[in-house]
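This report refers to the structure that appears directly beneath it.
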Amino acid sequence: MKTDIRPPLRARFLALLLALAAPALWAAPLEVSIKGLRGEQLQNVRAALAIERRRHESGLSADSIRELHAEAPAQIARALQPFGYYRPEIDASLQAPAGAGDSWRASYSIKRGTAVPVAVLAIDFDGPGAADEALAALAGDFELRRGDALDHRRYEAAKRQLLQQVQEQGYREAAMRTPRVEVDLASYAASIRLGIDTGPRYVVGDITLDQAQFISKFAKVFALASAARLVKGFVPINLVTGLPIGYYRDFKDELAKLLVGEHKVVLIDAAGNRDEKSISINKVRVVPQPF
Numbered sequence: 001m002k003t004d005i006r007p008p009l010r011a012r013f014l015a016l017l018l019a020l021a022a023p024a025l026w027a028a029p030l031e032v033s034i035k036g037l038r039g040e041q042l043q044n045v046r047a048a049l050a051i052e053r054r055r056h057e058s059g060l061s062a063d064s065i066r067e068l069h070a071e072a073p074a075q076i077a078r079a080l081q082p083f084g085y086y087r088p089e090i091d092a093s094l095q096a097p098a099g100a101g102d103s104w105r106a107s108y109s110i111k112r113g114t115a116v117p118v119a120v121l122a123i124d125f126d127g128p129g130a131a132d133e134a135l136a137a138l139a140g141d142f143e144l145r146r147g148d149a150l151d152h153r154r155y156e157a158a159k160r161q162l163l164q165q166v167q168e169q170g171y172r173e174a175a176m177r178t179p180r181v182e183v184d185l186a187s188y189a190a191s192i193r194l195g196i197d198t199g200p201r202y203v204v205g206d207i208t209l210d211q212a213q214f215i216s217k218f219a220k221v222f223a224l225a226s227a228a229r230l231v232k233g234f235v236p237i238n239l240v241t242g243l244p245i246g247y248y249r250d251f252k253d254e255l256a257k258l259l260v261g262e263h264k265v266v267l268i269d270a271a272g273n274r275d276e277k278s279i280s281i282n283k284v285r286v287v288p289q290p291f
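Residue numbers (my numbering): 1 to 291.
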């Protein structure tokens with residue numbers, strides 16, 4: 001009597017399907033090659049390429065590799081735009097493994113072409129500073145000029161610098177309106193339009209020092225702060241302090257009266273730590289000093 005040890009027909013058929021499907025489900029290692037770029041541009045393209053980021057994933061299927069490869073040219077093109085290149089030529093190829101132990105090879109040869117030039121540069125100011133010649137001069141010194149390649153990094157840096165310069169002119173509330181950068185691929189030219197709302201201009205007028213406040217607030221505080229740094233513990237002290245010559249004759253007695261007695265002083269260091277002290281002053285001598 002013979003025993004048939006062959007697997008049932010259904011099992012053999014399922015095994016055959018799995019064998020046929022294996023190349024599509026599980027792929028060999030993946031290598032990615034990028035030619036024609038270097039430095040920041042190469043780094044930006046590698047960071048943008050999904051096939052580069054995912055190439056070390058275990059069990060990456062052949063179908064997934066083909067999909068990632070198909071998406072790569074568009075990702076490369078977008079990654080070059082911040083540097084001003086809007087018409088790159090990309091030669092993309094994908095080679096399947098030749099045999100067991102071989103790898104998938106995705107290759108991208110890139111010619112950047114010419115960076116798009118800035119054809120239009122328009123900077124305008126609205127508000128009280130609209131007619132300020134100093135602001136017009138700042139706009140004329142904008143870092144990016146007509147004819148320059150549109151480098152978005154330079155543009156962003158120049159935009160921040162312009163706003164800071166406007167604020168330094170006294171327009172402390174100046175704000176950038178929504179800027180526009182447009183690239184016309186048909187004419188291969190870029191246009192930049194910037195607008196700044198200046199807001200009011202703040203200027204420092206004549207400074208008048210109230211002598212009474214100078215003595216009661218500033219001179220007193222300075223003297224007590226200096227003494228607090230030297231005194232350890234609640235020990236009565238005699239204090240020698242000074243006043244500018246212009247204040248000495250009229251205010252030396254008043255300052256002495258303000259300083260005699262007990263005072264609570266809080267010292268705060270650069271790290272924000274607080275040190276509370278109590279000072280007891282018995283006698284005060286006020287001397288004249290240069291301002």
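Cβ atoms here follow ideal geometry from the backbone N, Cα and C, with glycine treated the same way.
Which residues bound the beta strand (DSSP E) around residue i?
{"i": "residue 144", "result": "First-last for residue 144: undefined, no H or E at that position."}
{"i": "residue 197", "result": "189-197"}
{"i": "residue 182", "result": "180-184"}
{"i": "residue 173", "result": "Counting along the chain, residue 173 falls outside any beta strand (DSSP E), and DSSP gives it neither H nor E."}
{"i": "residue 32", "result": "30-35"}
Write down the C-beta distance between residue i and residue j rounded to the nearest angstrom, noting that I regard them as a contact closer than 8 Å.
{"i": "residue 29", "j": "residue 107", "result": "The pair is not a contact, with the Cβ atoms about 15 Å apart (cut-off 8 Å)."}
{"i": "residue 244", "j": "residue 282", "result": "Incorrect: roughly 25 Å between the Cβ atoms, too far for contact."}
{"i": "residue 265", "j": "residue 225", "result": "7 Å"}
{"i": "residue 118", "j": "residue 148", "result": "5 Å"}
{"i": "residue 109", "j": "residue 35", "result": "5 Å"}
{"i": "residue 68", "j": "residue 78", "result": "Actually they are not in contact, since the Cβ atoms of residue 68 and residue 78 sit about 15 Å apart, beyond 8 Å."}
{"i": "residue 116", "j": "residue 190", "result": "5 Å"}
{"i": "residue 121", "j": "residue 144", "result": "7 Å"}
{"i": "residue 196", "j": "residue 174", "result": "6 Å"}
{"i": "residue 301", "j": "residue 169", "result": "Here the chain has residues from 1 to 291 only, and residue 301 is not among them."}
{"i": "residue 185", "j": "residue 159", "result": "With a Cβ gap of about 23 Å, residue 185 and residue 159 do not count as contacting."}
In angstroms, rounded to a whole number, what distance separates the CA positions of residue i and residue j?
{"i": "residue 32", "j": "residue 268", "result": "58 Å"}
{"i": "residue 26", "j": "residue 44", "result": "With a pLDDT of 49 at residue 26, under the threshold of 50, the modelled position of this residue cannot be trusted, and the question is left open."}
{"i": "residue 155", "j": "residue 91", "result": "30 Å"}
{"i": "residue 247", "j": "residue 128", "result": "42 Å"}
{"i": "residue 200", "j": "residue 132", "result": "12 Å"}
{"i": "residue 23", "j": "residue 62", "result": "For residue 23, the pLDDT reaches just 46, beneath the cut-off of 50, and the residue's location in the model is therefore unreliable, leaving the point undetermined."}
{"i": "residue 284", "j": "residue 277", "result": "19 Å"}
{"i": "residue 81", "j": "residue 47", "result": "14 Å"}
{"i": "residue 12", "j": "residue 70", "result": "For residue 12, the predicted structure reports a pLDDT of 47, less than 50, and the residue's modelled location is therefore unreliable. A value from the coordinates is still provided. Each residue's alpha carbon lies about 36 Å from the other."}
{"i": "residue 229", "j": "residue 257", "result": "21 Å"}
{"i": "residue 88", "j": "residue 101", "result": "34 Å"}
{"i": "residue 222", "j": "residue 254", "result": "15 Å"}
{"i": "residue 146", "j": "residue 152", "result": "14 Å"}
{"i": "residue 299", "j": "residue 238", "result": "What the structure shows of the chain is the stretch from 1 to 291, and residue 299 is not part of that stretch, so it cannot be assessed."}
{"i": "residue 292", "j": "residue 215", "result": "The chain is shown from 1 up to 291; residue 292 falls before or after that span and cannot be answered."}
{"i": "residue 40", "j": "residue 83", "result": "9 Å"}
{"i": "residue 64", "j": "residue 42", "result": "24 Å"}
{"i": "residue 38", "j": "residue 113", "result": "14 Å"}
State the start and end residues of the unbroken alpha helix (DSSP H) segment that holds residue i.
{"i": "residue 168", "result": "152-168"}
Around the Cβ of residue i, are there at least 16 other Cβ atoms within 10 angstroms (buried) or fewer (exposed)?
{"i": "residue 52", "result": "buried"}
{"i": "residue 286", "result": "buried"}
{"i": "residue 241", "result": "buried"}
{"i": "residue 275", "result": "exposed"}
{"i": "residue 178", "result": "exposed"}
{"i": "residue 198", "result": "buried"}
{"i": "residue 59", "result": "exposed"}
{"i": "residue 86", "result": "buried"}
{"i": "residue 56", "result": "exposed"}
{"i": "residue 227", "result": "buried"}
{"i": "residue 171", "result": "buried"}
{"i": "residue 124", "result": "exposed"}
{"i": "residue 166", "result": "buried"}
{"i": "residue 219", "result": "buried"}
{"i": "residue 111", "result": "exposed"}
{"i": "residue 138", "result": "buried"}
{"i": "residue 74", "result": "exposed"}
{"i": "residue 232", "result": "exposed"}
{"i": "residue 98", "result": "exposed"}
{"i": "residue 72", "result": "buried"}
Review point. In chain order, which continuous runs of the beta strand (DSSP E) of length 3 or greater are located wholly inside the region 228-282?
Key: 237-244 and 261-268
Return the chain-ordered ranges of every beta strand (DSSP E) run that is complete within the region 49-129 and spans a minimum of 3 residues. 89-95, 104-111 and 118-126
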